[in-house]
Amino acid sequence: MSTLFRTGQGLEKGLEKGQHVAALRIARQMLADGLDRETVQRFTGLTAEELQDVSH
């Protein structure tokens with residue numbers, strides 16, 4: 003496996019993690035603003051289990 007390939011994989015994983023963290027942050031704000039969990043799930047793509055971990 004080449005170094006370039008591994009670097010690309012690492013960047014991809016980092017991007018996915020960053021997008022997930024952003025979705026959690028957005029969900030937290032949406033819930034704080036009074037939106038229902040179903041709507042938050044639909045717009046963020048988070049699961050019900052992931053939303054349980056979001057404190058608001």
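Note that my numbering has the sequence shown beginning at 3, numbered continuously upward. The beta-carbon is built from N, C-alpha and C at its ideal position, and this holds for glycine as well. Model, not experiment: these values are computed from the prediction.
Three-state secondary structure (DSSP) of residue i
i, result
"MET32", "helix"
"VAL23", "helix"
"THR9", "helix"
Start-to-end residues for the alpha helix (DSSP H) that takes in residue i
i, result
"VAL42", "39–46"
Close Cβ partners of residue i (< 6 angstroms) along its chain, the five nearest in sequence each way excluded
i, result
"MET32", "VAL42"
"HIS58", "Residue placement at HIS58 is poorly supported in this model, since its pLDDT is 48, which falls under 50; the coordinates still yield a value, given next. Counting only Cβ-Cβ distances below 6 angstroms, and skipping sequence neighbours, we find ARG30, LEU33 and ALA34."
"ARG39", "LEU53"
Own chain residues within Cβ distance below 7 angstroms of residue i, not counting five before or after
i, result
"HIS22", "none"
C-beta contact flag for residue i and residue j at 7 angstroms
i, j, result
"THR49", "ILE28", "no"
"LEU17", "VAL56", "no"
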